[in-house]
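If you're matching them up, the sequences are chains Y and V in order. First residue of the first sequence: 1, per my numbering; consecutive thereafter. First residue of the second sequence: 289, per my numbering; consecutive thereafter.
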Amino acid sequence: MRRQLDCLSWRREMMKNRRKMWSVGGTAGAVLVACAVASGAAWAQESVAVRAVLVSSVPDDPAAAAWNSSVAAQFPLSPQVHWATRILEVTAKDVKVRGLHDGKQVAILLEYDDPTQDPDDAAAIEFMVGDKKAHFAHGQPMAQVEGGSVNIWFWKNKDSKALDMNAKGFGTLKVQDQQDVKGKGVYQDGKWKVVFSRALATGDAENDAQFNPGEFINIAFAVWDGKKDPASGELKEKGSQKAVSSWWYFRAEPQPDYSAYLYAALAIGLALGFQFVLIRKLKKGQSA
Amino acid sequence: MEAKIEKSQAKRRRIPVQAQMAIVWMGIYLFLKFFIKPPLPSSVIFMYMTMTSIGLLMYVSVYEDVLQAFKGPIVDFLRGDQLRTGSWRAARWVVLGLFPLLVGWQTYSSTAPSDQPPAENRTIHPAPPGEFVGLSNPVPNTPENVMTGKGLFAALCSPCHGNFDGKGPAARGFNPPPANFVDPGTIAQLQESYVFWRIKTGGVGLSVEGMPWKSAMPRWEVELKDEQIWKIIMGEYDGAGHKPRTWE
């Protein structure tokens with residue numbers, strides 16, 4: 001008889017516990033889903049961007065060890081088919097890009113495969129200038145959008161330097177009077193490494209891309225294999241016949257900002273305080 | 289009959305009011321999130337769930353007994369001194385530890401500077417300009433014309449659009465990628481008039497919501513006659529195995 005009573009009270013206790021589990025478990029589940037809803041906007045979609053890491057000084061040597069501190073972003077290349085004269089096959093299939101900056105200078109390293117070193121091997125970086133959107137093909141005019149111009153940094157092996165240029169549509173390419181960009185290329189083991197460097201900001205915001213740390217700007221790439229066709233002696237890739245990328249993003253990373261950790265610590269403190277006061281009040285209410 | 293009603297009420301009472309609310313809340317959330325097509329924006333779901341929460345709180349606060357049934361176990365759990373088993377006491381400490389951490393995490397997520405590039409909400413098929421609405425293909429749909437269109441497609445379009453599947457050898461570097469015409473979401477949903485606009489004015493002809501600055505589509509009006517474009521459209525539909533959309 002006593003055993004039966006024990007069994008009954010145990011079952012009652014179990015039922016009570018189960019009810020409590022239901023209610024607390026259900027409420028906790030709802031709270032978790034609510035948090036997921038609220039923070040849904042924070043899970044932004046990921047795009048590919050070059051991130052120029054903040055370092056103490058920017059190297060102009062493509063082989064400098066400092067480049068290892070920057071993670072390479074890789075972008076696929078296509079033959080330029082948007083505008084005549086087109087090309088349907090190009091040598092470079094991808095370009096790897098790293099960035100560094102020291103708060104004053106920015107350097108961008110392009111790396112790509114090229115089986116032969118030729119005097120006419122060349123590479124370029126393109127940026128949108130200012131707030132207006134510009135078409136990735138040399139800032140081609142757009143029918144329904146007032147486009148801006150592009151700033152092009154162009155390096156050619158035989159010139160051993162970079163040119164700072166602007167364009168607003170094919171056939172409008174113009175070398176700037178004020179040359180701000182440096183370029184240096186090193187060829188090794190079937191691979192080109194080309195570094196472009198410039199001051200983060202110039203006094204010419206109308207023609208030059210400006211790099212404000214923390215701000216994303218649009219960037220695109222072009223590569224020319226300067227190999228000549230053995231039969232005709234003509235360059236296979238020249239002018240608009242090149243490997244190109246679409247627009248991607250570039251950002252000079254800002255100084256680390258730890259304020260969010262401070263705010264989070266403050267919020268934790270407030271939440272703990274709130275819990276303490278609430279439980280104290282509940283206990284007092286119980287004893288009263 | 290009365291016994292039946294009492295039975296069902298007793299059954300309902302067996303599920304605690306908190307669990308009932310949680311089930312209703314989650315049920316509505318899952319319905320809004322996964323069953324409504326096209327998917328609702330998270331801001332709209334958030335708005336509906338706020339209204340749901342307010343409604344549920346009104347429901348529990350209308351009757352004193354429901355309010356007590358709702359509040360009682362939560363107050364007991366938070367107070368802790370009436371919890372009998374060790375596992376309940378442990379669960380209480382876990383909740384009391386997790387709550388401040390959750391608040392801290394939410395604060396961090398909303399105040400940490402974003403390191404993500406701007407989100408790009410590109411409209412794939414923006415509205416065409418007025419002059420490209422309602423045009424019909426003036427070229428007769430004969431086997432010869434379809435064949436001519438396919439020939440032009442092979443020479444001019446296939447480097448990017450491939451075998452009508454958007455996987456041509458020149459496609460890999462372009463973002464957005466060239467359209468896949470076999471996919472039922474592209475030309476099968478469009479009228480010939482729209483496709484004519486896209487080929488004739490190319491990527492640079494798009495309106496701002498189509499992000500024309502990113503499109504590699506050539507402006508074929510510079511190099512082709514209208515008649516050739518209409519023939520390409522015929523070849524495209526035939527090759528992709530689709531029919532143009534019509535108003536009927």
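Think of the CB as a built atom: it goes at the ideal place given N, C-alpha and C, for glycine as much as any other residue.
Item to check | residue 151 of chain Y - containing beta strand (DSSP E), residue span | outcome: The continuous beta strand (DSSP E) containing residue 151 of chain Y extends over residues 150 to 156.
Next on the checklist: By the three-class DSSP mapping on this structure, what secondary structure does residue 231 of chain Y have?
Outcome noted: Correct three-state label for residue 231 of chain Y: coil.
Item to check | Bridge partner(s) assigned by DSSP for residue 113 of chain Y | outcome: Looking at the DSSP output, residue 113 of chain Y sits in a beta bridge with Y/191.
Checklist entry - Secondary structure at residue 271 of chain Y, three-state DSSP: helix, strand or coil? => result Residue state, collapsed to three classes: helix.
Checklist entry - Between the stretch 51 to 71 of chain Y and the stretch 229 to 242 of chain Y, do at least 3 Cβ pairs fall closer than 8 Å? => result Verdict: no, contact absent.
Item to check | Sequence-distant residues of its chain with Cβ nearer than 6 Å to residue 156 of chain Y (five each side left out) | outcome: Same-chain partners within the cutoff: 122.
Checklist entry - Are the C-beta atoms of residue 213 of chain Y and some chain V residue less than 8 Å apart? => result Among the CB atoms of chain V, none fall inside 8 Å of the CB of residue 213 of chain Y.
Item to check | Validate contact between the stretch 65 to 72 of chain Y and the stretch 115 to 133 of chain Y using beta carbons, cut 8 Å, 3 pairs | outcome: No, they do not touch.
Checklist entry - Between residue 281 of chain Y and residue 365 of chain V, what straight-line distance do the alpha-carbon atoms span, to the nearest angstrom? => result Inter-residue distance for residue 281 of chain Y and residue 365 of chain V is about 14 Å (C-alpha atoms, whole angstroms).
Item to check | Residues in the stretch 336 to 350 of chain V having any Cβ partner in chain Y nearer than 7 Å | outcome: Residues passing the 7 Å Cβ filter: 337.
Checklist entry - Going along the stretch 130 to 156 of chain Y in order, which residues come within less than 8 Å of chain V, judged by CB to CB distance? => result Correct list: 133, 134, 135, 136, 137, 140, 141, 142, 143, 144, 145 and 147.
Item to check | Under 9 Å (Cβ pairs) to chain Y, residues found in the stretch 459 to 482 of chain V | outcome: Those would be 459, 460, 461, 462, 463 and 464, in chain order.
Item to check | Contact check, residue 170 of chain Y vs residue 210 of chain Y, beta carbons under 8 Å | outcome: If you check the CB distance, residue 170 of chain Y and residue 210 of chain Y do not come in under 8 Å.
Checklist entry - For residue 101 of chain Y, which residues does DSSP report across the bridge? => result For residue 101 of chain Y, which the question treats as bridged, DSSP gives the partners Y/54 and Y/106.
Item to check | chain C contact for residue 504 of chain V (CB, 8 Å cutoff) | outcome: No chain C appears in this structure, whose protein chains are Y and V.
Item to check | Local conformation of residue 163 of chain Y per DSSP, three classes | outcome: Reduced to three states, the DSSP call for residue 163 of chain Y is strand.
Checklist entry - Touching or not, the stretch 151 to 166 of chain Y and the stretch 247 to 266 of chain Y, by the rule of three or more beta carbon pairs under 8 Å? => result Cβ pair count under 8 Å is below three, so no.
Item to check | Nearest-angstrom beta carbon gap, residue 167 of chain Y and residue 148 of chain Y [assumed within contact, 8 Å] | outcome: Between residue 167 of chain Y and residue 148 of chain Y the Cβ distance is about 11 Å, and since that is not below 8 Å, they are no contact.
Next on the checklist: Under 9 Å, CB to CB, which of the residues in the stretch 386 to 406 of chain V have a partner in chain Y?
Outcome noted: The residues in question are 386, 387, 388, 389, 390, 391, 392, 393, 394, 395, 396, 397, 398, 399, 400, 401, 402, 403, 404, 405 and 406.
Checklist entry - Are the C-beta of residue 114 of chain Y and some C-beta of chain V separated by less than 8 Å? => result Cβ-Cβ to chain V under 8 Å: no for residue 114 of chain Y.
Checklist entry - If residue 499 of chain V sits next to residue 410 of chain V, beta carbons under 8 Å apart, how far is it from one beta carbon to the other, in whole angstroms? => result Indeed they touch by this definition, with Cβ atoms about 5 Å apart.
Next on the checklist: Three Cβ pairs or more, each shorter than 8 Å: is that satisfied between the stretch 241 to 253 of chain Y and the stretch 378 to 385 of chain V?
Outcome noted: No, they do not touch.
Item to check | Beta-bridge pairing of residue 186 of chain Y - partner residues as DSSP gives them | outcome: When DSSP reads this structure, residue 186 of chain Y sits in a beta bridge with Y/193.
Checklist entry - Can you pull the DSSP bridge partners for residue 78 of chain Y? => result Beta-bridge partners of residue 78 of chain Y (DSSP): Y/244.
Next on the checklist: Using CA atoms only, rank isn't needed, just tell me which of V/461, V/460 and V/466 is closest to residue 454 of chain V.
Outcome noted: Of the listed residues, the one whose Cα sits closest to residue 454 of chain V is V/466.
Next on the checklist: I need the DSSP call for residue 217 of chain Y, collapsed to helix, strand or coil.
Outcome noted: In the structure shown, residue 217 of chain Y sits in a strand (DSSP, three-state: E or B).
Item to check | Three-state secondary structure assigned by DSSP to residue 396 of chain V | outcome: It is helical.
Next on the checklist: For a quick check, are the C-beta atoms of residue 253 of chain Y and residue 52 of chain Y less than 8 Å apart?
Outcome noted: Residue 52 of chain Y sits close to residue 253 of chain Y, with the two beta carbons spaced by under 8 Å.
Checklist entry - Residues of chain V with a CB under 8 Å from the CB of residue 282 of chain Y: which are they? => result Ordered by position in chain V, the residues that pass the 8 Å Cβ test against residue 282 of chain Y are 363, 366 and 367.
Next on the checklist: Counting only C-beta atoms, is residue 83 of chain Y closer than 8 Å to chain V at any point?
Outcome noted: So yes, residue 83 of chain Y belongs to the interface.
Checklist entry - Which parts of the stretch 306 to 391 of chain V are runs of the alpha helix (DSSP H), unbroken and 4 residues or longer, counting only runs that do not cross its ends? => result Counting only runs that start and end inside the stretch 306 to 391 of chain V, the alpha helix (DSSP H) elements of at least 4 residues fall at 330 to 350 and 352 to 367.
Next on the checklist: 8 Å is my cut-off, CB to CB: does residue 247 of chain Y come that close to chain V?
Outcome noted: Chain V, which has a Cβ nearer than 8 Å to the Cβ of residue 247 of chain Y, makes this yes.
Item to check | 8 Å Cβ cutoff met for residue 124 of chain Y and residue 251 of chain Y | outcome: The Cβ atoms of residue 124 of chain Y and residue 251 of chain Y do not sit closer than 8 Å to each other.
Checklist entry - When the Cα of residue 485 of chain V is compared with those of V/437, V/508 and V/452, which residue comes out closest? => result Considering only V/437, V/508 and V/452, the residue with the shortest C-alpha distance to residue 485 of chain V is V/508.
Item to check | Backbone secondary structure at residue 83 of chain Y - three-state DSSP | outcome: The answer is coil: DSSP assigns residue 83 of chain Y none of H, G, I, E or B.
Item to check | Among Y/285, Y/75, Y/197 and Y/272, nearest to residue 391 of chain V - alpha-carbon criterion | outcome: Of Y/285, Y/75, Y/197 and Y/272, the smallest CA-CA separation from residue 391 of chain V is found for Y/272.
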